[in-house]
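Engineer: My numbering applies: residue 102 is where the sequence shown begins, and numbers increase by one. We put the beta carbon where it would ideally sit given N, CA and C, even for glycine. Take a look at this one; I'll ask things after.
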Amino acid sequence: MKNRDGVWTVAATGIGAVFQIAQMAIAARYLSAIEFGILAIVAVSANIVLAFQDMGLSSFCVHLGDADRRSHSTLFWTSAAFGLVSAIGMFLLSGLLSSLYKMPSAQPLFMLVALNLFLVGVSGQYQANLIRTFKARRLAQYEIVGRIVAFGATTGLLALHVLGPGAIIAGMVVFTTSKLALMSVTAPRETRPHYEFDRSLAPRALAFGANQAGSQVISQIRAQADQLIVSGIFGPRAAGTYYLAKELVSYPMRFMQPLIARLTLPSFALLQGDRGELQAAFLLSVRRTSTLSGLTFAGVAVLSPWLVEIMYGLRFIQAVPIVIALATFGAVRPIGLSIGMLAQATGRAGHELRWTLISSSISILPLLGLMLLKPAPLAFAVAASAVQVLVTIAAHPFFVRPLEPVPFRAYIQSAAPSLILAVVGVLAASVINLPSLHSIWLSVH
């Protein structure tokens, strides 16, 4: 069953990545760099709020295990309430955020994001129960359907020149709505919400989730600090180019994140009573993640001129150096997913919040210092990769070791392939001068 779930999860994330890549490639033919800059700040803001609004309730549901309908209803209504609060907050702040970044046309996009936040809050517990009961295959099937419907809606809006960059946000709403409809209709009776609320369970869930939610918000700010700074300093055009480069780098990470979360979290939770088995499973997860991400981003660095040309066209070719500079960031960052899953599965999310505060200080302070110099956007990409390496090394004494006594040498050996392979890829990209696909086409014909 677990193998079939893994296959379906890989299929869903793969198909989702293909649709997202195709969607962005199509959007690049209709939108300008300035419009992508507007989309960038809206998307970053949405990701930060999304990290907070679940309040770790999905992970608490998995950690709680089998429970009665009253408990499931309590978690559902709590999650829906946070979704509503997040939506109202985003709606009210839409004007302020648009003014802060001097992008008045971003306000309608923030309002669309507000709607999506509410829908995500309502769907959170349906998804968590599918993960908890090892029904990743069914969830994957729903996501495939949602991606297809959302892709059609987004492409149609772009082709009709409706909403501009808002077409991308509208596609997110369509995807969330489609998946929610499928999950709610097919959910087992015992997990469907009822008009019940357990006042003793809600504080436990929030106490468990508060640390995780705070950790995820700070982690999102840390991960997006370079994009926020570039948007604030250089304006929408430079922000759009930087956003496209970072989006290209993020696609492999988006593929790996749900796979690691859905397959690793339940397994770690089952092994939390056996320290030796848990440590072995953790190191194996880090090693596999590190090798996979290292190989992936070495390829991204070397092939970046062609990837940018295929994805965005020659008019966005200036994104290539930023993609190469961010390759190390992309290769090393997924290692943190396994560490986070270890903390959540063992019910020690408090360690995660403490570590996130430390890692954010390591990451954000150098970027703020660099901001004072106002260098080119490329410098922020290089800095983002450098600090990610430092954060990964520092994770052992400050985060991994307090969770489980994993030896430092074993941890570094498991994590090293990502950095080594990424550096090799970046060096190769600086030496290899790939001709444009357009010039190759002209020479052949």
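1. Under a three-way DSSP split, which group does PHE298 fall into?
2. Could you tell me the alpha carbon to alpha carbon distance between ILE249 and PHE509, rounded to whole angstroms?
3. Please list, in chain order, all residues of the same chain as TYR296 whose beta carbon is under 8 Å from its beta carbon, the five residues on each side excluded.
4. With DSSP as the reference, label PHE235 as helix, strand or coil.
5. Quick one: which unbroken alpha helix (DSSP H) runs of 4-plus residues sit fully inside the stretch 460-502? Chain order, please.
6. Under 8 Å by Cβ, that's how I've got LEU220 and LEU231 pegged, so tell me the actual separation to the nearest angstrom.
7. Between the C-alpha atoms of THR234 and PRO289, what's the straight-line distance to the nearest angstrom?
8. Answer yes or no: do PHE335 and PRO467 have a C-beta to C-beta separation smaller than 8 Å?
9. Note the first and the last residue of the continuous alpha helix (DSSP H) segment covering PHE276.
10. Where do the N-terminal and C-terminal ends of the alpha helix (DSSP H) with ARG510 fall, by residue?
11. Cα-Cα, which of SER540, THR457, PRO476 and MET442 is closest to PHE161?
12. Cutting at 7 Å between CB atoms, please list the residues of its own chain near PRO337, excluding the five before and the five after it.
13. Do TRP109 and ALA229 come within 8 Å of each other at the CB atom, strictly closer than that value?
14. Tell me which same chain residues have a C-beta within less than 7 Å of the C-beta of ALA141, skipping the five on either side of it?
15. Use the C-beta contact count for LYS280: other C-beta atoms within 10 angstroms, 16 or more gives buried, fewer gives exposed.
16. Output yes or no for whether 8 Å exceeds the beta carbon distance between VAL421 and SER405.
17. Output needed for ALA251: all residues of its chain with C-beta closer than 6 Å, excluding positions within five of it in sequence on either side, in chain order.
18. Do you know how far the Cα of LEU384 is from the Cα of LEU264?
19. Can we say the stretch 529-536 touches the stretch 396-415, given the rule of at least three CB pairs closer than 8 Å?
20. Between THR390 and ILE361, which are expected to be in contact by the criterion C-beta below 8 Å, what is the C-beta distance as a whole number of angstroms?
21. At a cut of 8 Å, does the stretch 112-130 reach the stretch 312-322 through at least three beta carbon pairs?
22. Quick one: using the 10 Å Cβ neighbour count with 16 as the cut-off for buried, is SER460 buried or exposed?
23. Taking the alpha carbon of SER146 as the reference point, which residue from VAL501, ILE245, ARG323 and SER285 has its own alpha carbon closest?
24. Is the Cβ-Cβ distance between VAL387 and THR429 less than 8 Å?
25. I think VAL143 touches LEU210, with their Cβ atoms under 8 Å apart; what is that distance to the nearest whole Å?
26. When the Cα of ARG434 is compared with those of ALA496, PHE417, LEU194 and LEU471, which residue comes out closest?
27. Identify whether SER133 lies in helix, strand or coil by the three-state DSSP scheme.
28. Quick one: grab the DSSP three-state call for HIS539.
29. Could you pull the start and end residues of the alpha helix (DSSP H) that LEU427 belongs to?
30. When DSSP labels each residue in this structure, what does GLY247 get in the three-state scheme?
31. Please classify TRP178 as buried or exposed, where buried requires at least 16 neighbouring CB atoms within 10 angstroms.
32. Figure out for me which residue from SER133, PHE120 and ILE116 has the closest Cα to the Cα of GLY414.
33. Rounding to the nearest angstrom, what Cα-Cα distance links LEU454 and ILE127 in this structure?
34. With DSSP collapsed to three states, give me the class of ALA173.
35. Along the alpha helix (DSSP H) that carries LEU408, what are the first and last residues, could you check?
36. Report, in whole angstroms, the separation of the C-beta atoms of ILE270 and ALA346, which I expect to be a contact under 8 Å.
Structural biologist: Judging by the given coordinates:
1. coil
2. 44 Å
3. SER174
4. coil
5. Correct list: 478-496.
6. So it is not a contact: roughly 17 Å between Cβ atoms.
7. 11 Å
8. no
9. 267-287
10. 509-532
11. By alpha-carbon distance to PHE161, the top candidate from SER540, THR457, PRO476 and MET442 is MET442.
12. ILE135, GLY138, ILE139 and MET204
13. no
14. GLN328, SER332, ALA340, GLY341 and TYR344
15. buried
16. A contact, by the Cβ cut-off of 8 Å.
17. GLY272, VAL275 and PHE276
18. 47 Å
19. yes
20. The Cβ separation is near 6 Å, so the contact holds.
21. no
22. buried
23. Distance check between SER146 and each of VAL501, ILE245, ARG323 and SER285 places ARG323 closest, using alpha-carbon atoms only.
24. no
25. 4 Å
26. Closest option to ARG434, Cα to Cα, is ALA496.
27. In the structure shown, SER133 falls within a coil segment according to DSSP collapsed to helix, strand and coil.
28. Looking at HIS539 - three-state DSSP - the assignment turns out to be helix.
29. 421-433
30. helix
31. buried
32. SER133
33. 39 Å
34. Reading the sequence as shown, one finds His at residue 173 and not Ala. Note: HIS173 maps to helix in three-state DSSP.
35. 405-413
36. Between ALA346 and ILE270 the Cβ distance is about 20 Å, and since that is not below 8 Å, they are no contact.
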